[in-house]
Amino acid sequence: MEVKRRTQEERSAATRAALISAARKLWGQRGYAEVGTPEIAKEAGVTRGAMYHQFTDKAALFGAVVEAVEDDVMQRMATVVASSGAASPADAIRAAVDAWLEVSGDPEVRQLILLDAPAVLGWAGFRAVAQRYSLGMTEQLLTEAIRAGQLARQPVRALATVMIGALDEAAMAIATADEPKRARREIRQVLQRLIDGLLDD
38 MEVKRRTQEE RSAATRAALI SAARKLWGQR GYAEVGTPEI AKEAGVTRGA
88 MYHQFTDKAA LFGAVVEAVE DDVMQRMATV VASSGAASPA DAIRAAVDAW
138 LEVSGDPEVR QLILLDAPAV LGWAGFRAVA QRYSLGMTEQ LLTEAIRAGQ
188 LARQPVRALA TVMIGALDEA AMAIATADEP KRARREIRQV LQRLIDGLLD
238 D
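Offset between the sequence shown (1-based) and the numbering used here: plus 37.
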């Protein structure tokens, strides 16, 4: 009985993963509103009944997709910062800002996180997910800079929240700009000036 139960759990996990992968691919290419659940189920190779066994509705599946993308975004950013050669916490913060602007320019991230997520999840839901994934890394970087004497002592949670808000708004401005390359260049310059004003290195 135990072996059978494990097999069912594994099948369920595989079905869930296939649905998230298929939805992520299709919504990332065409947007949430343009792809319905029948097409997602077909792409995943499962029945609609199996899909609704995993997710109560289309929005619930989208929520799982957003979580998966956010997790990947944070892993990609952590990798960029780790490989940036940053010699100090201040340099790591600058690298993280550049990493976010780079990663948020990915077409899939742009579509799912910056364009669809606020509309589907609502602003409060979108902010909750974004902060759940980005708050820890941001607070860690700021805390290390304070300890190194490169950032004035101040409430870390409050500063992290303000920075995340600014970075998310910057990414959205780039995503919806008529000239994204120019917008990214100008916004990067502004953000770096703001960061330089905060840091003492």
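All C-beta atoms, glycine included, are put in the ideal place defined by N, C-alpha and C.
Three or more C-beta pairs under 8 angstroms: does that hold for the region 158-169 against the region 213-231? In this structure the region 158-169 does not lie against the region 213-231, because fewer than three pairs of beta carbons, one per stretch, are closer than 8 angstroms.
Per DSSP, leucine 188 forms a beta bridge with which residues? Per the DSSP secondary-structure output, leucine 188 pairs in a beta bridge with Leu236.
Over the uninterrupted alpha helix (DSSP H) stretch that includes glutamate 80, give me the two end residues. The continuous alpha helix (DSSP H) containing glutamate 80 extends over residues 74-81.
Alanine 96 and valine 157: beta carbons closer than 8 angstroms? Result yes, Cβ atoms of alanine 96 and valine 157 sit closer than 8 angstroms.
Extent of the continuous alpha helix (DSSP H) run through arginine 138: The displayed chain sequence assigns leucine, not arginine, to residue 138. Under the DSSP assignment, leucine 138 falls in the alpha helix (DSSP H) whose first and last residues are 126-140.
For glutamate 216, which of helix, strand or coil comes out of DSSP? Of the three classes helix, strand and coil, the one that applies to glutamate 216 here is coil, per DSSP.
Contact check, valine 103 vs glutamate 145, beta carbons under 8 angstroms: Judged by their CB atoms, valine 103 and glutamate 145 are not nearer to each other than the 8 angstroms cut-off.
Is the region 69-86 close to the region 50-59, with three or more CB pairs under 8 angstroms? With contact defined as three or more Cβ pairs closer than 8 angstroms, the region 69-86 and the region 50-59 are in contact.
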